[in-house]
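J.:
There are 4 protein chains.
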Amino acid sequence: MTSAEEEKQAHRLRTLEAFVEDECIPAERVKEIKARTGSRWSEVPAVMEQLKLRARALGLWNLFMPPGHPGTQGVSVSQYAALSEVMGRSTIAPEACNCSAPDTGNMEVLAQYGSAAQQAAWLPDLLEGRIRSAFLMTEPETASSDATNIACRIRRFGDKYVVTGRKWWSTGAMDPRCRLFIVMGRMEGAEWDARPIHQRHTMLLVPARSPGVTLERALEVFGYDDAPHGHAEVTLRGVEVSADAALLLGEGRGFEIAQGRLGPGRVHHCMRALGLAERALTALVRRSRERIAFGRPLCDHDMVRRSIADSRMELDQARHLVLDCARKLERSGGAKGAMMEVAMIKVVVPNVACAVIDRAIQVHGGMGVCQDTFLAAAYAHMRTLRIADGPDEVSAPVVLQR
Amino acid sequence: MTSAEEEKQAHRLRTLEAFVEDECIPAERVKEIKARTGSRWSEVPAVMEQLKLRARALGLWNLFMPPGHPGTQGVSVSQYAALSEVMGRSTIAPEACNCSAPDTGNMEVLAQYGSAAQQAAWLPDLLEGRIRSAFLMTEPETASSDATNIACRIRRFGDKYVVTGRKWWSTGAMDPRCRLFIVMGRMEGAEWDARPIHQRHTMLLVPARSPGVTLERALEVFGYDDAPHGHAEVTLRGVEVSADAALLLGEGRGFEIAQGRLGPGRVHHCMRALGLAERALTALVRRSRERIAFGRPLCDHDMVRRSIADSRMELDQARHLVLDCARKLERSGGAKGAMMEVAMIKVVVPNVACAVIDRAIQVHGGMGVCQDTFLAAAYAHMRTLRIADGPDEVSAPVVLQR
Amino acid sequence: MTSAEEEKQAHRLRTLEAFVEDECIPAERVKEIKARTGSRWSEVPAVMEQLKLRARALGLWNLFMPPGHPGTQGVSVSQYAALSEVMGRSTIAPEACNCSAPDTGNMEVLAQYGSAAQQAAWLPDLLEGRIRSAFLMTEPETASSDATNIACRIRRFGDKYVVTGRKWWSTGAMDPRCRLFIVMGRMEGAEWDARPIHQRHTMLLVPARSPGVTLERALEVFGYDDAPHGHAEVTLRGVEVSADAALLLGEGRGFEIAQGRLGPGRVHHCMRALGLAERALTALVRRSRERIAFGRPLCDHDMVRRSIADSRMELDQARHLVLDCARKLERSGGAKGAMMEVAMIKVVVPNVACAVIDRAIQVHGGMGVCQDTFLAAAYAHMRTLRIADGPDEVSAPVVLQR
Amino acid sequence: MTSAEEEKQAHRLRTLEAFVEDECIPAERVKEIKARTGSRWSEVPAVMEQLKLRARALGLWNLFMPPGHPGTQGVSVSQYAALSEVMGRSTIAPEACNCSAPDTGNMEVLAQYGSAAQQAAWLPDLLEGRIRSAFLMTEPETASSDATNIACRIRRFGDKYVVTGRKWWSTGAMDPRCRLFIVMGRMEGAEWDARPIHQRHTMLLVPARSPGVTLERALEVFGYDDAPHGHAEVTLRGVEVSADAALLLGEGRGFEIAQGRLGPGRVHHCMRALGLAERALTALVRRSRERIAFGRPLCDHDMVRRSIADSRMELDQARHLVLDCARKLERSGGAKGAMMEVAMIKVVVPNVACAVIDRAIQVHGGMGVCQDTFLAAAYAHMRTLRIADGPDEVSAPVVLQR
């Protein structure tokens, strides 16, 4: 980085830190209370739109988009990694900055693999935060840890595709603003069955309100339904889409896109997770100073000190690993050059985040498992990261000796 | 045991196993659906009353009550331990058998420490399952890991006590059937402050609907509110109770009761937890046989096999430890004779249960964290056991070398 | 047990405890010093023979031999388990009581599978402790975790077998008193290659000083050579033995013997390991009371208390598991009835023993890793148990869900 | 770094890598065999002197010395960190490059705190590798985890100090080339007792062969005596030294020196440990590819793959942490600016190194615990790092939240 770039990044970080601490975190409770009352699934709490206006005003909008793509602010993978950690401290800051999953990944896919017409159709609204999108990959009937199992059927009829399948964990699909699905499915037909296993799947752009789409139900994560965003189970029954408008990159190239989507996306995900875990550690330390047991504040008990120390050591190590991965992705210009690093952070970070948050819960006692802090919900969501996009058991073996 | 007793116990176990597997577990979903709709906090799903009738008819009622006490079925601590494990497999079987916390502990306290009048006032309705009760110990403002911190104030005025304080995690206090609170508080007055730290607290029987009692709110456990039973935050503002009717055992003897309540209660708790964890392991194994990834069922992957093996080894060891504790409690006729064992199972079992359930979640993937199985809620509740009644960090050091 | 048997067992335990604490443990240092000087490999320190005389006089001789076999003292598997734990506290007590591996397993094999002539040839001297024996199973060239890999060749010529192969970790083979090897090898010939994989191996009795036997070298365990007993690498080059005198049970039945040898043997091994780990915990506690750091004895530091608590919890659980395995072996009259339990203790106990001893080393600081305590050597030897007879990775998967 | 510096460092790394792999590692066995025979404690195997000549010729001599000090090659802390990792792969490379503990730390102390006369007296011979030195800190009678316990007495008489005490773990004190001790002791006298606890100790230069010095014995590390270098127990009985020649920095300033010695020293130590652990991982991977069990090479078993992955993830994270610490030390110009980082690497690295080497041992089976690989000795020595310079339990709590 030149020193002008460094200064710009430092300024962004400072601005973002203040925004997250002073505006987003205090608004979390407001959002939550709104989300508990009234029309939980049909209304987005107003505070979100206010925060989005603030983020735009502060120049904290669409920071995720890599240089060279529409809407970019010219932030590199490494720079965005640092910003992601700060955003991740708050459960609502990413959305406030239009940097929340799965929209970020979806916008990157459009920018990288979409045709001009596809980009024109969807990107402006997404980049403005007017609509949202979902990514329909995982299926209830197949072990998604092995993504070649994906069975949702795509068949071509002339200039149309017909899609039939059942998806779940489609985060954001129930959001009242959601308009676009990116759907991964398997091409039907004998010629496709004969192809190599990673060349049978296709990704399609499917308008969320297409005939044949049913939002079956909202999945809960350890009791949290995350309304109004939520995690949907969705069926597609003979959903028809125009081939030109829908086909991304090419038939049979779904895995190619999935792979490209994963690299920087995982860096973002991991940095947000570390941000949340850092917030948990801050809460742990604060609590341990305030609370007295057996005549001493908790922070003077060796076991609590060890909890703090272990957390600090694990978080610092994990962050170094993610930042190193970000630098390698940047240098190699794609996930290919850092496959092992991407696999490593996928395994390391969710485990570290869960461990740190779990310790913070323990030190908070009963307060830690209930709605009085962000900790229990944070744990629940971090726990899903050990499963999402393939479990530890699948990622770990990728990490073979250099 | 004589062989007649052995046969009786074997019969009870078989009957209970069938009841739990064939009637309770299938009813869990029914209860849950009911509890999600309509008047969540004011109505108990009808299926519960039906199961209670069945349990009575099958002779599976009030099994927890030790020999020599009202309502007892003559089941020893060790025998009840085995029955608890079976009940624990289902989240609703304990209530169906009138053997659910905190009523069991409360009934034992009444039976052991209550006057004849106190017993007459409360025990019949509790033993019949017509009313429920809560135990008001933990407080939001103090570190309950050190119970001598308990600050709820009790002051004597003539033949009355006036109680003022704030309690939380009062499980069952919001249940529409709840009528009785057992409240732990600290005696006010200089003469009490001068007493040894474990002789300042008193336990009182407080009618749940006394003037001055406010149910502030329902606490959630990782997103679950457990309606209609729930976990309440309760304030007592100048609540007046008649001294004779309220005072348990004697002023300043609260810790004595708390201690007595803990021994067998922990055995029950732990065995229920192991039952739930065994159910999780059964689910893990079943899933691992059905699900295919990378060309083989999951149970043919070494990592999954190791998960199963570790779970089996941990559960078997933990069970042996609890059963050994039960035998020692039985032999010594009280918690005093098995203090170390009681501390050990308090630490070991919740950790093992969490570990096993967590592995089962992992093998279930996305299904494991949502409402489609009992696993996520089971994890959340087992997690609280590492905190309730004192965290690991407090219990572990009790376990000093014999 | 009848009460007479119980009294007898209680008496044995008391006698053994006194013998181990008052005579064996103090003699360890003497033995070690002797073993460090003079003819390390050709002389057994005299103190061993003195202890053996004492053990015989005290009725503590050959306790391992199961009822119904030559030399038995009528001790059941469960009873011997309890005695093994006590013996295991001292590194020399098992030999003092003629109950040390590998002789115990070898004597059991002779008693169970040997012909009358084979028994007559070897058992009297072994039972008297006049000679010792070794078990030649593991090989340097093959992964012994999968015992079907064993490649030492056995070929029949008329009434002779000729054995050629290389073995290692032949514990005791270098002992100046060693006279007998039990050798596992694979039958040569096409008809044998066609047999099922577990029916190709044979066990032979081979006199230790047969022509063609070379003791290649002593293997060290983390720097300890365990002279004069030691762990040998042995080559057999065309070693000829008389078929009648050598063949155990039958050609191709080697795995049958190996399996039978494993059940009770593992119980013994595990209980001895627990005894040693208990001694380490006693040392840990004692040291933590004597040593002052930061103004308090170590035992007043939470971390040390947690070390003690974890050790106590792990040891008690492991012991319950082993004793349960012993009862099941007894009841089923063979390893078949308790395969899973035998696999579980194989994994659990060495890991627990290593963990406990490692904590004891940590609390001893520099003293813990050097020759001033038994701890470092104890750790080294316990560590090998995670490898010997198959590593954790092989045993664990045997533990499938019941 | 300028690009000329970068090129220089890259060249040094390449040269060192070749020297370590091609010359040092093959010579380890030679050195070991020599050290096992003949006059173990009085002779240094000749191969060491040959390697030292080679290292000098290759410009790999005294790389540790920081810029601005005598003998320096101008290598920064970060650069030396990278070089340390490479040297650490071989157990003899550090000595070959005159970069082995405790001489490196001792030379740094002389360079930083020694008077001109003291430097002239000792540095040339040390820098040439003609003599060696020891650091006498730890004592058998006191818990050295709390260094203020150090009790060796120093009393001033006119222009002399008299030193009396017992030290142990004085690594290298028995080396036939050892000429200098740096001794930490406590000033005697009431005025010293009145001082703050960290201002009572003094460091003295004591000629190794002073009257009153006795080398009591060699301490073993898990059975390894590390002759001829070794770890000595040393008594000093009324050892007299000239005050001018002996006093380092000033009376009562011992802790100041100890602190300064620790920062970069720990970085070196940790990087060497990571180098050794990397070598263990390389061995693990190689072995897992060669060895077949259950029909597949070990590296195709999930558990082994997970071992490799965990090792890779832990090593990479630990290395990032140490390199970050090195950069902070460099930037702050002293240990003060990176106290937390220095504490963290002290805890993290030995644990990671032990874990990785332990896994490598497991995959090697019996070969891993004996003298056929470097693994068992490596484990033993890494294990001592969890104790040396203060155990984990002391270092961890230093790591408080930033």
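Protein chains in written order, with the UniProt record's numbering: chain A, 1 to 402; chain B, 1 to 402; chain C, 1 to 402; chain D, 1 to 402. Don't be surprised by glycine CBs; every beta carbon is placed ideally from N, CA and C. In this text, all values refer to a predicted model and were calculated from it rather than measured experimentally.
Less than 8 angstroms between CB atoms is the rule here; does D316 of chain A satisfy it with respect to chain C?
T.: No, D316 of chain A does not count as interfacial toward chain C.
J.: Would you mind working out which of C:P66, C:G74, C:A121, C:S90 sits nearest T104 of chain C, comparing C-alpha positions?
T.: Nearest of C:P66, C:G74, C:A121, C:S90 to T104 of chain C, Cα basis: C:P66.
J.: Checking contacts by CB at 8 angstroms: is D324 of chain C closer than that to chain B?
T.: True, the Cβ-Cβ gap to chain B drops below 8 angstroms.
J.: To which residues of the same chain is R217 of chain D closer than 8 angstroms at the C-beta, ignoring the five residues directly before and after it?
T.: Within the same chain, R217 of chain D has close Cβ partners A232, E233.
J.: Could you check whether L274 of chain A and V363 of chain A sit closer than 8 angstroms to each other, using their CB atoms as the reference points?
T.: In this structure, L274 of chain A does not lie closer than 8 angstroms to V363 of chain A by Cβ.
J.: Does the distance from the CB of A243 of chain A to the CB of Y161 of chain A come in under 8 angstroms?
T.: Yes, the Cβ-Cβ distance between A243 of chain A and Y161 of chain A is below 8 angstroms.
J.: Just to confirm the assignment: which complete alpha helix (DSSP H) runs, minimum length 4, are found wholly within the segment 168-233 of chain B?
T.: Whole alpha helix (DSSP H) segments, 4+ residues: 190-193.
J.: Less than 8 angstroms between the beta carbons of A360 of chain D and L276 of chain D, yes or no?
T.: Not closer than 8 angstroms, so no.
J.: Taking CB distances under 8 angstroms as the criterion, tell me whether R306 of chain A reaches chain C.
T.: So yes, R306 of chain A belongs to the interface.
J.: Where A190 of chain C and V304 of chain D are concerned, what is the direct C-alpha to C-alpha distance, given to the nearest angstrom?
T.: Approximately 34 angstroms between the Cα atoms of the pair.
J.: One question on the structure: do L315 of chain B and L248 of chain B come within less than 8 angstroms of each other, judged by their Cβ atoms?
T.: Contact: no.
J.: What is the C-beta distance between G88 of chain C and R272 of chain C, in whole angstroms, given that I count them as a contact (C-beta under 8 angstroms)?
T.: Contact holds; Cβ gap of about 3 angstroms.
J.: In angstroms, rounded to a whole number, what distance separates the CA positions of G366 of chain C and A376 of chain C?
T.: Straight-line Cα distance between these residues: approximately 10 angstroms.
J.: Going along chain B in order, which residues have a C-beta closer than 8 angstroms to the C-beta of R386 of chain A?
T.: Within 8 angstroms Cβ-Cβ: Q362.
J.: Looking at the structure shown, is V77 of chain B part of a helix, part of a strand, or coil, going by DSSP?
T.: In this structure, V77 of chain B counts as helix in the three-state DSSP scheme.
J.: What is the C-beta distance between I154 of chain D and G114 of chain D, in whole angstroms, given that I count them as a contact (C-beta under 8 angstroms)?
T.: Actually they are not in contact, since the Cβ atoms of I154 of chain D and G114 of chain D sit about 18 angstroms apart, beyond 8 angstroms.
J.: Would M344 of chain C count as contacting chain B if we go by Cβ distances under 8 angstroms?
T.: At least one chain B Cβ lies under 8 angstroms of M344 of chain C.
J.: Nearest CA to the CA of E393 of chain B: which residue from C:R386, C:S307, C:G223, C:G333?
T.: The shortest Cα separation from E393 of chain B among C:R386, C:S307, C:G223, C:G333 belongs to C:S307.
J.: Which residues bound the alpha helix (DSSP H) around S307 of chain B?
T.: First-last of the alpha helix (DSSP H) with S307 of chain B: 302-332.
J.: In whole angstroms, give me the CA-to-CA distance for E17 of chain D and A318 of chain D.
T.: Taking the straight line joining both Cα atoms gives about 21 angstroms.
J.: Rounded to whole angstroms, what's the CA-CA distance from I92 of chain B to D310 of chain B? Just pull it up for me.
T.: Cα to Cα, the separation comes out at about 28 angstroms.
J.: Per DSSP, what kind of secondary structure is I154 of chain A in: helix, strand or coil?
T.: Residue state, collapsed to three classes: strand.
J.: In its own chain, which residues sit with a C-beta less than 6 angstroms from the C-beta of R386 of chain D, not counting the 5 before and 5 after it?
T.: Here the set comprises P350, D392.
J.: Drop a sphere of 10 angstroms on the beta-carbon of A280 of chain D, count the other beta-carbons inside from all chains shown, and report buried for 16 or more, exposed for fewer.
T.: When all chains shown are included, A280 of chain D counts as buried.
J.: By Cβ distance below 8 angstroms, which residues in the same chain neighbour R402 of chain A in space, the five residues on each side in sequence not counted?
T.: Because R402 of chain A sits at a pLDDT of 49, beneath the cut-off of 50, its placement in the model cannot be relied upon, and the following sentence gives the value as read from the coordinates. Cβ within range, chain order: M340.
J.: Which residue's Cα is closest to the Cα of G254 of chain C: C:G165, C:V352, C:V109?
T.: Ranking C:G165, C:V352, C:V109 by Cα distance to G254 of chain C puts C:V109 first.
J.: How about the segment 156-174 of chain B and the segment 128-146 of chain B: do they share at least three Cβ pairs that are nearer than 8 angstroms?
T.: Enough Cβ pairs lie closer than 8 angstroms, so yes.
J.: Given a cut-off of 8 angstroms, decide if L13 of chain B and M70 of chain B are closer than it, judged by their beta-carbon atoms.
T.: Sequence check: residue 70 of chain B is Pro here, not Met. Cβ distance not < 8 angstroms, so P70 of chain B and L13 of chain B don't count as in contact.
J.: Could you pull the start and end residues of the beta strand (DSSP E) that S133 of chain D belongs to?
T.: That run of the beta strand (DSSP E) goes 132-136.
J.: Quick one, which of A:A293, A:G252, A:P264 has its alpha-carbon nearest R331 of chain A's?
T.: Nearest option by C-alpha distance: A:P264.
J.: If you measure between the beta carbons of C178 of chain A and K167 of chain A, is that distance less than 8 angstroms?
T.: Their beta carbons are not under 8 angstroms apart, which means C178 of chain A does not touch K167 of chain A by this criterion.
J.: Mapping DSSP to helix, strand and coil, what is I387 of chain A?
T.: I387 of chain A falls in the coil class under three-state DSSP.
J.: Run down chain B in chain order and give the residues with a C-beta less than 7 angstroms from the C-beta of M313 of chain C.
T.: Near M313 of chain C (Cβ distances below 7 angstroms), the residues of chain B are M344, V347, V348, V399.
J.: Who are the Cβ neighbours of H381 of chain A in its own chain at under 7 angstroms, not counting the five residues just before and after it?
T.: Excluding residues within five positions, the ones whose Cβ falls inside 7 angstroms are V221.
J.: In the DSSP assignment, what are the bridge partners of S242 of chain C?
T.: C:K160.
J.: Using the C-alpha atoms, what's the distance from P26 of chain D back to G165 of chain D?
T.: Rounded to whole angstroms, G165 of chain D to P26 of chain D spans 41 angstroms at the Cα level.
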